[in-house]
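The sequence shown begins at 8 in the numbering used here and counts up by one.
The beta carbon of each residue, even a glycine, is placed where N, CA and C say it ideally should be.
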Amino acid sequence: MCECLLDFYFAEDIKKCQLCDLCTYGSGAMVPCSTRSNTVCRKCENGTFSDVRSATSSCRPCSSCGPNQLTIMDCSDQQDTMCLDKPKAFLTTKQTEQQLGKNIREKDFDAIPIYCAALGAVVLGLLGYVFFKQYSRIKEKKRHKVHDPHDHVEYSRASGTDSGVCVDITVQCKIYNELTKYSDLPISKRKCVEHQLANHRGNSGDWRALARQLGYTPEKIEQLESYGDSVHCCQTMLQTWAHSKRNTSLGVLLKALSNIGRYDIVKVLQADIRGPKTDHNHVHIL
């Protein structure tokens with residue numbers, strides 16, 4: 008009969024060579040595996056340990072720390088005792104104390120470049136953190152805001168109530184018609200629309216109602232509401248619509264404003280309309 012290979016034993020019941028069982032951590036081989044018998048494992052008793060998985064190794068006795076060592080971790084069934092040499096400060100001879108003082112002074116002197124390098128690393132880390140936060144803030148603003156050149160243009164409304172009279176201090180009057188795209192309107196007109204629409208809050212004629220008329224879903228409207236105050240929400244909503252692939256002509260906007268009863272804004276937009284009109288013609292003010 009042929010002998011089994013190393014780490015295998017002959018199983019009598021199946022008449023085949025089988026791989027020897029390995030004793031787990033914390034257990035040792037009471038009967039090591041041989042060509043004739045499988046491993047018999049036993050948990051390591053107090054004072055012994057096994058930190059390997061083996062079919063032949065038994066539990067080993069724990070080590071003891073010497074008189075000049077400190078015990079930092081006691082022996083367990085899976086790990087030997089861990090010892091650490093005592094610092095030289097524990098030695099009491101005068102010569103050793105003098106030598107220790109000399110070593111400490113030398114170490115302090117040698118540590119200066121290390122301290123400088125550590126301080127420099129901290130400063131660089133803080134600067135990197137500041138730059139990262141600033142970059143993240145700018146990126147977040149760009150993500151939530153569609154850029155438009157009229158964001159910083161000054162405008163004013165006539166004194167009094169919501170009259171719809173706006174004064175543009177930077178752009179001359181421009182003639183347009185109902186086929187004109189909203190994004191091509193004069194800056195003053197767009198500012199005026201946004202301002203009046205944002206100030207009309209809490210009823211059927213606010214910017215949310217206009218957003219529904221322009222095709223925004225409830226989910227998109229809810230997302231727009233998280234952008235901040237009404238002026239910012241209204242501005243973002245109209246800018247996003249103006250740059251979309253939908254029909255963004257003035258005629259579509261006039262019809263949507265009429266549907267929500269915002270004839271005050273319709274009047275402002277129709278003031279300078281000239282030329283051809285869309286199929287829904289001029290919106291009549293009641």
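Is the Cβ-Cβ distance between D87 and S71 less than 8 angstroms? Taking the sequence shown and counting its residues from 1, one reaches residue 87 at position 80. Taking the sequence shown and counting its residues from 1, one reaches residue 71 at position 64. Cβ atoms of D87 and S71: not closer than 8 angstroms.
Using alpha carbons as the reference points, say which of G54, C90 and D84 lies closest to T78. In the sequence shown, the residue the question calls residue 78 occupies position 71. Per the C-alpha coordinates, the member of G54, C90 and D84 positioned closest to T78 is C90.
Among C30, G268 and C241, nearest to L204 - alpha-carbon criterion: Looking up residue 204 in the sequence shown gives position 197. Per the Cα distances, C241.
Would you mind working out which of D84, Q76 and S44 sits nearest S57, comparing C-alpha positions? Taking the first residue of the sequence shown as 1, we reach residue 57 at position 50. Ranking D84, Q76 and S44 by CA distance to the CA of S57 puts D84 first.
Going by CA-CA distance only, name the one from L126, I119, P68 and Q246 that's closest to A218. Within the sequence shown, the letter at position 211 stands for residue 218. Ranking the options by Cα distance to A218, first place goes to Q246.
Quick one: what does DSSP say T42 is sitting in, helix, strand or coil? Along the sequence shown, read from residue 1 onward, the residue named residue 42 stands at position 35. Here T42 sits in coil by DSSP.
Within 10 angstroms of its Cβ, does S61 collect 16 or more other Cβ (buried), or is it exposed? Reading the sequence shown from its first residue, position 54 is the one you call residue 61. Here S61 is buried, its C-beta having at least 16 other C-beta atoms within 10 Å.
Going by DSSP in three states, C72 sits in which element: helix, strand or coil? Here the question's residue 72 lines up with position 65 in the sequence shown. Coil at C72, not helix or strand.
Give me the Cα-Cα distance between G235 and N184, rounded to the nearest whole angstrom. Taking the first residue of the sequence shown as position 1, residue 235 is located at position 228. Taking the first residue of the sequence shown as position 1, residue 184 is located at position 177. Rounded to the nearest whole angstrom, the C-alpha separation of G235 and N184 is 33 angstroms.
Assign D20 to buried or exposed, taking buried as 16 or more other Cβ atoms, counted over all protein chains shown, within 10 Å of its Cβ. Stepping through the sequence shown from its first residue, residue 20 is reached at position 13. Burial call: exposed.
So, using beta-carbon positions, are K7 and Q76 closer together than 8 angstroms? What the structure shows of the chain is the stretch from 8 to 293, and residue 7 is not part of that stretch, so it cannot be assessed.
Report all residues from its chain with a CB closer than 7 angstroms to the CB of V259; omit the five preceding and five following residues, and keep chain order. Counting from one through the sequence shown, the residue named residue 259 turns up at place 252. For V259, where only same-chain residues beyond five positions count, there are no Cβ hits under 7 angstroms.
Spatial neighbours of Q230 in its chain, beta-carbon cut-off 6 angstroms, leaving aside the 5 residues before and after: What you label residue 230 is simply residue 223 of the sequence shown in a count that begins at 1. Correct list: empty, nothing qualifies.
DSSP state of A165, grouped into three classes? Here residue 165 refers to the residue found at position 158 of the sequence shown. Residue placement at A165 is flagged as unreliable, the pLDDT there being 39, under the threshold of 50; the coordinate-derived value follows with that caveat. Secondary structure of A165 (DSSP, three-state): coil.
For M244 and L192, what's the separation of their Cα atoms in angstroms? Taking the sequence shown and counting its residues from 1, the one referred to as residue 244 is at position 237. Taking the sequence shown and counting its residues from 1, the one referred to as residue 192 is at position 185. Computed Cα separation, rounded: 16 angstroms.
Below 8 angstroms on the Cβ atoms is my guess for K188 versus S256; work out the distance and round it to an integer in Å. As a working mapping, residue 188 is identified with position 181 in the sequence shown. As a working mapping, residue 256 is identified with position 249 in the sequence shown. Contact check for K188 and S256: beta-carbon distance about 6 angstroms, within the 8 angstroms limit, so the pair qualifies.
According to DSSP, residues forming a beta bridge with T224: Counted from its first residue, the sequence shown places residue 224 at position 217. Per DSSP, T224 has no beta bridge partner at all.
Given that a residue counts as buried once 16 or more other Cβ atoms are within 10 Å of its Cβ, and exposed if not, what is I176? Locating residue 176 in the sequence shown gives position 169, counting from the first residue. Because I176 carries a pLDDT of 41, less than 50, the predicted location of this residue cannot be relied on, and the following value inherits that uncertainty. Counting of Cβ neighbours within 10 angstroms places I176 among the exposed residues, the total staying below 16.
Could you check if V273 is buried or exposed, using at least 16 other CB atoms within 10 Å of its CB as the buried criterion? Counting from 1 along the sequence shown, the entry for residue 273 is found at position 266. Label assigned to V273: buried.
What do you reckon, are the CB atoms on L26 and F17 nearer than 8 angstroms? The residue labelled residue 26 in the question sits at position 19 within the sequence shown. The residue labelled residue 17 in the question sits at position 10 within the sequence shown. Contact flag unset, no.
Own chain, CB closer than 6 angstroms to P39, minus 5 neighbours either side, in chain order: Position 32 of the sequence shown, counted from the first residue, corresponds to residue 39. Here the set comprises T63.
Inspect the beta-carbon positions of S237 and W214 and report whether they are closer than 8 angstroms. In the sequence shown, residue 237 corresponds to position 230, counting from 1. In the sequence shown, residue 214 corresponds to position 207, counting from 1. Annotated as proximal: S237 and W214, with beta-carbon spacing under 8 angstroms.
Let me know the secondary structure DSSP gives C302 once reduced to three states. What the structure shows of the chain is the stretch from 8 to 293, and residue 302 is not part of that stretch, so it cannot be assessed.
Classify L133 as buried or exposed, calling it buried when 16 or more other Cβ atoms lie within 10 Å of its own Cβ. Counting from 1 along the sequence shown, the entry for residue 133 is found at position 126. Looking at its Cβ environment, which holds fewer than 16 other Cβ atoms inside 10 Å, L133 is exposed.
Within 10 angstroms of the Cβ of S195, are there 16 or more other Cβ atoms? Answer buried if so, exposed if not. For the purposes of this step, residue 195 is taken as residue 188 along the sequence shown, with counting starting at 1. Buried, because 16 or more other Cβ atoms sit within 10 Å of the Cβ of S195.
Of the residues A249, G135 and G268, the one placed nearest R222, counting alpha carbons only: Residue numbering aside, residue 222 sits at position 215 when the sequence shown is read from its first letter. The question names Arg, yet the displayed sequence has Gly at residue 222. Sorting A249, G135 and G268 by C-alpha distance to the C-alpha of G222 places A249 at the top.
Considering only the alpha carbon of each residue, which of S143, S65 and N53 lies closest to T46? Numbered from 1 along the sequence shown, position 39 holds the residue referred to as residue 46. In terms of CA proximity to T46, S65 leads the group S143, S65 and N53.
Neighbourhood of D28 by C-beta, 8 angstroms cutoff - its chain only, sequence neighbours within 5 removed: One-based indexing of the sequence shown puts residue 28 at position 21. Scanning its chain for C-beta atoms nearer than 8 angstroms, with the 5 sequence neighbours on each side dropped, one finds around D28 the residues C40, N45, T46, C48 and A62, in chain order.
Please report the straight-line C-alpha distance between R164 and C199, rounded to a whole angstrom. Counting from 1 along the sequence shown, the entry for residue 164 is found at position 157. Counting from 1 along the sequence shown, the entry for residue 199 is found at position 192. Note that R164 scores 39 on pLDDT, short of 50, meaning its location in the model is unreliable; the coordinates nonetheless yield the value given after this. Taking C-alpha positions only, R164 is separated from C199 by approximately 8 angstroms.
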